[in-house]
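**Q** Here you go, one structure.
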Amino acid sequence: MNVNVFFDTNILAYAYDLDAGGKREKAKLLLSSLWHESKKPWISVQVLQELFVTLRKRGVEWAVAQKVTEAYTQWRVIESDVGLFRQGVAEARRWQLSFWDGLILAAARQSGCRSLYSEDFNSGQDYGGVVAVNPLL
């Protein structure tokens, strides 16, 4: 698989959602294949934060949520900084996205990825060189 992709939180979160049915199975299969790659996909600190919060909201114990989230720090991670904040605002405004989705798009762009795996964006839409893909369809 091409690992030069950026993952939004929702794809990761589905792998741990016992109520997600087929989406959970697809997410688990996709993610399990990536752990064997020497070069890992991209995420951002925002994705780590949102994953931890999502797991806790679903009742996952603190230690387990931290362990799951910590595992993803082995992936390539875009750090949050003022430049990313500014770019996120610009992306949100340009594409009429929520601020948080603007930050995700900005991080994907900063990583150099041409594919953004997410359920929150319009699958197939080209956001100025970053194409949204819903791998759960």
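The C-terminal residue of the sequence shown carries number 138 in the numbering used here, and the numbering is unbroken.
The beta-carbon is built from N, C-alpha and C at its ideal position, and this holds for glycine as well.
1) Could you give the C-beta distance for ALA133 and ASN123, rounded to a whole number, given that I count them as a contact under 8 Å?
2) Is there contact between the stretch 6 to 19 and the stretch 36 to 54, where contact requires at least three CB pairs shorter than 8 Å?
3) Throw me the rounded Cβ distance for the LEU104 and TYR73 pair, which I believe falls under 8 Å.
4) Are there any heavy atoms of the ligand NAD lying less than 6 Å away from the beta-carbon of LEU13, as far as the coordinates show?
5) What residues in its chain sit with their C-beta under 6 Å from that of SER112, if we drop five residues either side in the sequence?
6) Strictly by DSSP, which residues pair up with ARG77?
**A** In short, the structure shows the following:
1) 6 Å
2) yes
3) About 17 Å; that fails the 8 Å criterion.
4) Here there are no bound small molecules, and the ligand NAD is not part of this structure.
5) PHE7, TRP43 and ILE79
6) TRP43
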